[in-house]
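Chemist: Note that full-length UniProt numbering has the sequence shown beginning at 1, numbered continuously upward. Ideal Cβ placement from N, Cα and C applies to all residues, glycine included. Here the structure is a predicted model, which is why all the values come from computation and not from measurement. So that we are looking at the same thing, I have put the structure below in structure tokens.
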Amino acid sequence: MITSGPTSHSFISQRLRLHYVDWGNPDAPPLILQHGGRDHCRSWDWVAQRLRHDWHVIAPDLRGHGDSAWSPDGDYRMTSCVYDFAQLVQTLGYPKVTIIGHSMGGMITSRYAGIFPEKVDRLVNIEGLDFGPKEVDQLAGHGHAERVRRWVANRREAAGRQPRRYATLEQAFERMKEANTYLSDDQARHLTIHGTSRNEDGTWSWKYDNYLFSPPPQELPPEEIFEVWQAITCPVLLQWGANSWASSPAEDGRMAHFADARLITYENAGHWLHHDRLDDFLADVTAFLRP
1 MITSGPTSHS
11 FISQRLRLHY
21 VDWGNPDAPP
31 LILQHGGRDH
41 CRSWDWVAQR
51 LRHDWHVIAP
61 DLRGHGDSAW
71 SPDGDYRMTS
81 CVYDFAQLVQ
91 TLGYPKVTII
101 GHSMGGMITS
111 RYAGIFPEKV
121 DRLVNIEGLD
131 FGPKEVDQLA
141 GHGHAERVRR
151 WVANRREAAG
161 RQPRRYATLE
171 QAFERMKEAN
181 TYLSDDQARH
191 LTIHGTSRNE
201 DGTWSWKYDN
211 YLFSPPPQEL
221 PPEEIFEVWQ
231 AITCPVLLQW
241 GANSWASSPA
251 EDGRMAHFAD
261 ARLITYENAG
271 HWLHHDRLDD
281 FLADVTAFLR
291 P
């Protein structure tokens, strides 16, 4: 149960007004919690509530998510998101930060940690690595021109897609439960309340931008992403759900590209393992982050 909430703030990145929440305790070391795709900053509330006493917890909304602005030209490239994250750290004014990133947020923050290794003290990555075996095979099977053709087609389709509207908040809640069967009713309701907005006609829609469904062709080839991971100098904790759709980085070889990383796999957990196994997740993260 969330007993008290954070304060809302904004900052400017590439002309977009982006949102983040601050859980207080500004004299404590900074800890940034970065959510994943089609999610929002308040999905971290249970984690933030438990860590706020030892950390200055900041949770940003990615561009096109939550209460952050949508990109006018639908730009959701990883490079743009890494810039946004770097701008947030610059805005906060901390020389170094500790980071927990989930899914797309893990991809973004792992890039940031390799590009700016001097800025990151420790990194927790929850199922947030590019280029599993399926993605590598797909890239090998299609040249750049074909990937761009597919992107153009997907982009046009996204332009015609309207945000889904739910007649009631309860219908959106049921969809949330359907998408993640591990969630309790309280968790699903909290995520739905903070993840939807009311339309003028009284219906409800998710806050994320539909253009997220048409990501641009890959900006960097796998070998260059691996170089970025290899440049990370801080300790890295990788966390995986045993029942997730994502392959294990230990089994598929991605973990080998990190100089100082270890992996924890959680049984009876899916892609959102920080929701599915909250107490175990917090125990492991607290031990890892302890100086």
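Check each candidate in D260, S244 and P217 and name the one with the smallest Cα separation from V236.
Modeler: Locating residue 236 in the sequence shown gives position 236, counting from the first residue. The candidate whose alpha carbon is nearest that of V236 is D260.
Chemist: Determine the direct distance from the alpha carbon of H40 to that of H9, and round the result to whole angstroms.
Modeler: One-based indexing of the sequence shown puts residue 9 at position 9. One-based indexing of the sequence shown puts residue 40 at position 40. Their Cα atoms are separated by approximately 14 Å.
Chemist: Under three-state DSSP, which class holds Y211?
Modeler: On the sequence shown, residue 211 is found 211 positions in, with the first residue counted as 1. If DSSP states are grouped into helix, strand and coil, Y211 belongs with the helices.
Chemist: Mind pulling the beta strand (DSSP E) runs of 3 or more residues that sit fully within the stretch 25-72?
Modeler: 30-34 and 56-60
Chemist: Suppose you measure from the CA of D22 to the CA of H65; what does that come to, to the nearest Å?
Modeler: What you label residue 22 is simply residue 22 of the sequence shown in a count that begins at 1. What you label residue 65 is simply residue 65 of the sequence shown in a count that begins at 1. Each residue's alpha carbon lies about 17 Å from the other.
Chemist: Please tell me whether A242 and E224 are closer than 8 Å, where the distance is taken between their beta carbons.
Modeler: Against the sequence shown, residue 242 aligns to sequence position 242. Against the sequence shown, residue 224 aligns to sequence position 224. Taking 8 Å as the cut-off, the Cβ atoms of A242 and E224 do not count as close.
Chemist: Could you please give the first and the last residue of the uninterrupted beta strand (DSSP E) stretch that includes S205?
Modeler: Here residue 205 refers to the residue found at position 205 of the sequence shown. Where S205 is concerned, the enclosing beta strand (DSSP E) stretches over W204 to W206.
Chemist: If you draw a straight line from the C-alpha of T265 to the C-alpha of Y20, how long is it?
Modeler: By one-based count along the sequence shown, residue 265 stands at place 265. By one-based count along the sequence shown, residue 20 stands at place 20. Approximately 29 Å between the Cα atoms of the pair.
Chemist: Please name the residue in V89, A167, A113 and A231 whose C-alpha comes closest to that of E200.
Modeler: Looking up residue 200 in the sequence shown gives position 200. Of the listed residues, the one whose Cα sits closest to E200 is A167.
Chemist: How would you call G202, buried or exposed, if buried means at least 16 neighbouring beta carbons within 10 angstroms?
Modeler: Counting from one through the sequence shown, the residue named residue 202 turns up at place 202. By the neighbour-count rule (16 or more Cβ atoms within 10 Å), G202 is not buried but exposed.
Chemist: Just tell me which of R17, L18, V47 and I58 has its CA closest to the CA of residue 359.
Modeler: The structure shown does not extend to residue 359, since the chain is modelled only from 1 through 291, so no value can be given for it.
Chemist: If you check the beta carbons only, do R122 and F281 fall under 8 Å apart?
Modeler: Here the question's residue 122 lines up with position 122 in the sequence shown. Here the question's residue 281 lines up with position 281 in the sequence shown. In this structure, F281 does not lie closer than 8 Å to R122 by Cβ.
Chemist: My assumption, with CB atoms under 8 Å, is that A158 sits in contact with S68. Please give the rounded CB distance.
Modeler: Against the sequence shown, residue 158 aligns to sequence position 158. Against the sequence shown, residue 68 aligns to sequence position 68. With a Cβ gap of about 18 Å, A158 and S68 do not count as contacting.
Chemist: Roughly how many whole angstroms lie between the Cα atoms of F258 and G36?
Modeler: As a working note, residue 258 is residue 258 in the sequence shown. As a working note, residue 36 is residue 36 in the sequence shown. Going from the Cα of F258 to the Cα of G36 covers about 21 Å.
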